[in-house]
Amino acid sequence: MSAAPTETGSEPRTHYLNDGYGIKSWLLTTDHKRIAILYLISITVFFALGGLMAVLIRLELATPEGDLFQPDMYNRLFTMHGIFMIFFFLIPGVPAVLGNFFIPIMVGARDLAFPRLNLLSWYIFNIGGIFAFWAMMHGGIDTGWTFYTPYSTTYASTHVLPTALGIFIAGFSSILTGLNFVVTVHRMRAPGLTWFRLPLFVWAMYATSLIIILGTPVVAVTILLVGAERLFGVGIFDPALGGDPLLFQHLFWFYSHPAVYIMVLPSMGVVSEIVPAFARRKIFGYRFIAYSSIALAVLGFLVWGHHMFVAGMSIYAATIFSILSMLVAVPSAIKVFNWTATLYKGAVSWETPMLYALGFIGLFTIGGLTGVMLATLGIDLHVHDTYFIVAHFHYIMVGGAIMGYLGGLHYWWPKITGKLYSRFWSRISAGVIFIGFNVTFLPQFILGYLGMPRRYHSYPPEFQVLNVMSSAGATILGVGYVIPLVYFIWSMRYGKQASSNPWGAVGLEWETTSPPPTHNFETQPVVSRGPYEYPPPKEAPVVA
Amino acid sequence: MMQDAPLFPEQASTIASQIDNLFFFALGIAAFFSILIALLIVYLGVRYRRRHAAQTGEAPPHGSKAQTVLEITWSVIPFLILMVMFIWGVKIYFTAARPPADAIQFYVVGKQWMWKIQHPEGRREINEMHVPVGRPIKLLMTSEDVIHSFFVPAFRIKQDVLPGRYTTMWFQADKVGTYHLFCSQYCGAEHAKMGGWVVVMEPHEYQAWLAGEKSGQAEFMTGAELFAARACNTCHRPDTSARAPILTGLFGRQVGLQDGRRVAADEAYIRESIIEPQAKIVSGYQPIMPTFKGQLTEEDVIELINYIKGLKAPEGVAR
Ligand SMILES: [Cu+2]
Ligand SMILES: [Cu+2]
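For the protein sequence lines, the chains are R and Z, in the order given. Just so you know, we're using this note's numbering here: the first sequence kicks off at 1460 and counts up by one. Just so you know, we're using this note's numbering here: the second sequence kicks off at 263 and counts up by one.
Spelled out as structure tokens, the structure:
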């Protein structure tokens, strides 16, 4: 199947998983692979929390009356759903788990540049998470994940500061991870691994790291300013104190729009790995995909104003932000077309990771195109702050980012754990997730155009049919997410042993054993060819 | 009024059909490309499916010219389409942002969790807004507390309502009926309940409604009463500008400031003169006017503005 060395599998071998047992060997590890697993556990917990709240939200919205929760409770639910999903699941998501595990391997290094910083970032992340969790257990927060002022600074009586502090702290862990990645990519590439021989996943992670490093400090400062106003009454955002509420929105979106790319660029990177691997064909337009990642990182910083078209900004500023937002669509379109073109004359297999990747392309396309509609000034007047936006960004963040994340997990699971999961169940779950997702969020586009505002605890009865559809879809989606949890855990114990290259793919990660040895490679790999050259070399020249 | 479960909102303003047209254009584009990509993926994925385990795809020719042409094509075509949407969108947005000169001005004050509407004739209502059909109506809006957003889906427009400043929007209803009014910016516990109805009436019915009994109308002080009660008139007198400027004929005039600037005396200026008198000092006067920040509600301020607007030059000067 593949020319990479196949391992016999039965003889005992030391790898990163059996290289030391016991809780200490995990909690004090500096092995990027183990830290990736630690992150995987942490973010899965937060994903489950956020998901649970989504379930409760959809339950409440199954009927027009606000009959399940009090409005206060409902507002806390959607706020914490957003905060956990965004700051504690999607933003760390792909980088901290898959990036952590595979960047060093893909560049042919033994570890990240700063292994101890890497461990520290995991601890910081969890401390941040604990703050947010504490706030939740003690009554939560009801400002929406957007913390708009002056509601968040003057009016909200919930735990704004502990939660914000949690996000502030978690931000540092992002920054450390980003720094680690940038330095690793610059300094630790294997001999022969030039920039244009890097896998596109690495390019995407590099672009993401730049956004993290440049953007996260801004949200950190913003949080401090919110704290200063809330605690000491310093007038920054509240007009009653002499502040400007729009200033907050500018600062917040200056980070939070690029944050969308922090969430989705890594998944684009994953898709750029999966598509050529399962088409067994060199990716179409390598350089265009690589440059478009950088273009997204740069342009992503220039479009934040599209969140404020009806917030009272000058119409000329709105015009500029609108045209810049349109431009962002071009690099995304380039990626979509190139992925699709890669299938042409390929040898396409519809394995589970490929199902996720192709699902990503479809859903991301819908998310992106509806984003373009939102960037169109005339349309945004009507659909801003309605369910149309809710649907749009779930297409990007769930249909895009999470599909990519799950695709990546399925693609690399045999490498990470050395075990194969059920092919049958994994394909079923990919289908269930795809269908459940669309049933949940397609009706929300219609609801939004009808005028149902977001963050509504109750709504006029004529919106019920579509809301019930959406809630039904959410149930399917929820089931779809539970299935992988089951078979992944199952595979760790009962799964068949994976060979080093079960998919017959190319890439340094497939040239080492599954699971990889503690130092990733037995000998220093030397790279002599591009990342997606099929067919794979007859003998394995890369691993000596 | 509305069917049981509509799939498309009613069109009840002049701009609604413009926005819908643009929306359907964009939707067509979105649908075309989504379906194109989906079909391509399925077609290519099946046509070039792997037939035996060791099969690999055909290596693409190296750096072919065709590839560059493709890359340019699929960058330029989306770009051109995007520019059409952009320009079309800007046109509508500018129309929505610029009220016609003859628009009737209503005032809107948002407050956790109600909308207070004030008609130019002084009539007030809460969570309901009666308007005549076929007349442009401009809303001058502000908030007593947090940010809200005034949203009428049947009119296809919304505008955030901010504390501490005025924002405006305008519309011209073109269909008699009752339409949802929502708050679309999250504003706290009862956000979902901060709404009501916009009632579009034939002009004569509207006149009759205005003249009709004002049941349930809370007592409030008019601008003239406030002007006396707050002792504005001790400084601002109609006959002498000794202590403070005469306010007669102020509205719409250019005012010379102490620092040499000239500003138009619009609602925002008058509001600022009352809430933060020190911010802009009229040239030739001492900054002795006390601030009324926190002492007047936004509705009081609007009453005062309306009163000052009504102090028209001819009668005032004649005295
Ligand atoms: Cu954005
Ligand atoms: Cu509201």
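Ideal Cβ positions, reconstructed from N, Cα and C, are used throughout, including at glycine.
Item	Value
Of all the CB atoms in chain Z, is at least one closer than 8 Å to the CB of Pro-1961 (chain R)?	no
So, using beta-carbon positions, are Lys-1492 (chain R) and Phe-1543 (chain R) closer together than 8 Å?	no
Would you list the residues sitting across from Phe-413 (chain Z) in a DSSP beta bridge?	Z:Lys-420, Z:Phe-444
Report yes or no: is there a C-beta of chain Z within less than 8 Å of the C-beta of Thr-1667 (chain R)?	no
If contacts are defined as beta-carbon pairs under 8 Å, then Gly-1588 (chain R) and Phe-1537 (chain R) qualify, I think. What distance do you get, rounded to the angstrom?	No, Gly-1588 (chain R) and Phe-1537 (chain R) are not in contact; Cβ-Cβ is about 19 Å, not under 8 Å.
Hey, how far is the Cα of Pro-1994 (chain R) from the Cα of Ser-1633 (chain R)?	37 Å
Can you pull out the residues from the region 1829-1845 of chain R whose beta carbon lies closer than 9 Å to at least one beta carbon of chain Z?	Thr-1829, Val-1831, Met-1832, Ala-1834, Thr-1835, Leu-1836, Gly-1837, Ile-1838, Asp-1839, Leu-1840, His-1841, Val-1842, His-1843, Asp-1844, Thr-1845
Within 10 angstroms of the Cβ of Pro-1596 (chain R), are there 16 or more other Cβ atoms? Answer buried if so, exposed if not.	What sits at residue 1596 (chain R) in the sequence shown is Met, not Pro. It is exposed - the Cβ of Met-1596 (chain R) has fewer than 16 other Cβ atoms within 10 Å.
Hey, is the region 1671-1679 of chain R in contact with the region 525-544 of chain Z, meaning 3+ C-beta pairs nearer than 8 Å?	no
Closer than 8 Å by beta-carbon distance: list the chain R residues that pair up with Trp-336 (chain Z), in chain order.	Ala-1792, Ile-1793, Phe-1796
Can you check the region 1526-1566 of chain R for any alpha helix (DSSP H) of at least 4 residues that lies completely inside it and give the ranges in chain order?	1530-1544, 1559-1565
Ile-1782 (chain R) touches chain Z at which residues, Cβ-Cβ below 7 Å?	Phe-348
Is it a yes or a no for the region 1887-1895 of chain R touching the region 1763-1773 of chain R, going by three-plus beta-carbon pairs under 8 Å?	no
Between Arg-386 (chain Z) and Phe-482 (chain Z), which are expected to be in contact by the criterion C-beta below 8 Å, what is the C-beta distance as a whole number of angstroms?	7 Å
Name all residues in chain order for which at least one heavy atom of ligand 2 lies closer than 6 Å to the residue's CB.	Z:His-410, Z:Cys-445, Z:Gln-447, Z:Tyr-448, Z:Cys-449, Z:His-453, Z:Met-456
Please decide whether Ala-592 (chain Z) counts as near chain R, where near means a Cβ-Cβ distance under 8 Å.	Because residue 592 (chain Z) is not part of the residues shown, which for chain Z are 263 to 581, the question remains open.
Indicate whether at least one CB of chain Z lies closer than 8 Å to the CB of Gly-1630 (chain R).	no
Chain R beta carbons: is any one of them nearer than 8 Å to that of Met-264 (chain Z)?	Reliability fails at Met-264 (chain Z), whose pLDDT of 44 lies under 50, so the model's placement of it is uncertain and the value that follows must be treated cautiously. At least one chain R Cβ lies under 8 Å of Met-264 (chain Z).
Would Ile-1434 (chain R) and Leu-342 (chain Z) qualify as a contact pair, given that the criterion is a beta-carbon distance under 8 Å?	No statement about residue 1434 (chain R) is possible, as the shown extent of chain R runs from 1460 to 2003 and does not include it.
In chain R, what lies closer than 7 Å to Asp-407 (chain Z) by C-beta?	Tyr-1614
Within 8 Å of any Cβ in chain R, is that where the Cβ of Val-352 (chain Z) sits?	yes
Mind pulling the chain Z residues with CB within less than 8 Å of Phe-1743 (chain R)?	Pro-322, Gln-329
Who are the Cβ neighbours of Thr-330 (chain Z) in its own chain at under 6 Å, not counting the five residues just before and after it?	none
My guess is that Phe-1904 (chain R) and Ala-1834 (chain R) are in contact by the Cβ rule of under 8 Å, so how many angstroms apart are they, rounded?	Not quite, the Cβ-Cβ distance comes to about 16 Å (not below 8 Å), so this is no contact.
Strictly below 7 Å CB to CB, what residues from chain R border Gly-450 (chain Z)?	Tyr-1610, Tyr-1614
Terminal residues of the continuous alpha helix (DSSP H) containing Val-461 (chain Z)?	From DSSP, Val-461 (chain Z) is part of no alpha helix (DSSP H) but of the beta strand (DSSP E) over 458-463.
Could you check whether Asp-266 (chain Z) and Glu-1921 (chain R) sit closer than 8 Å to each other, using their CB atoms as the reference points?	yes
What does Leu-1909 (chain R) touch in chain Z if you count any residue whose Cβ is under 9 Å from its own?	Pro-268, Leu-269, Phe-270, Pro-271, Pro-415
In angstroms with no decimal places, state the Cα-to-Cα distance between Thr-1465 (chain R) and Ala-1957 (chain R).	Because Thr-1465 (chain R) sits at a pLDDT of 45, beneath the cut-off of 50, its placement in the model cannot be relied upon, and the point is left open.
Relative to the C-alpha of Gly-1509 (chain R), which candidate in R:Leu-1486, R:Phe-1546, R:Thr-1489 has its C-alpha closest?	R:Phe-1546
For Phe-1743 (chain R), count neighbouring C-beta atoms within 10 Å of its own C-beta (all shown protein chains included) and say buried if the count is 16 or more, exposed if not.	buried
Can you tell me where the alpha helix (DSSP H) with Lys-1483 (chain R) in it begins and where it stops?	1482-1486
Would you identify the three-state DSSP class for Val-2001 (chain R), choosing helix, strand or coil?	The pLDDT assigned to Val-2001 (chain R) is 41, lower than 50, so where the model puts this residue is not dependable, and the model offers no usable value.
Mind checking who Phe-433 (chain Z) pairs with in its DSSP beta bridge?	Z:Ile-399
Is the beta carbon of Met-1647 (chain R) sitting closer than 8 Å to the one on Val-1566 (chain R)?	yes
On the criterion of 16 or more Cβ atoms from any shown chain inside 10 Å, does Asp-1490 (chain R) qualify as buried, or is it exposed?	buried
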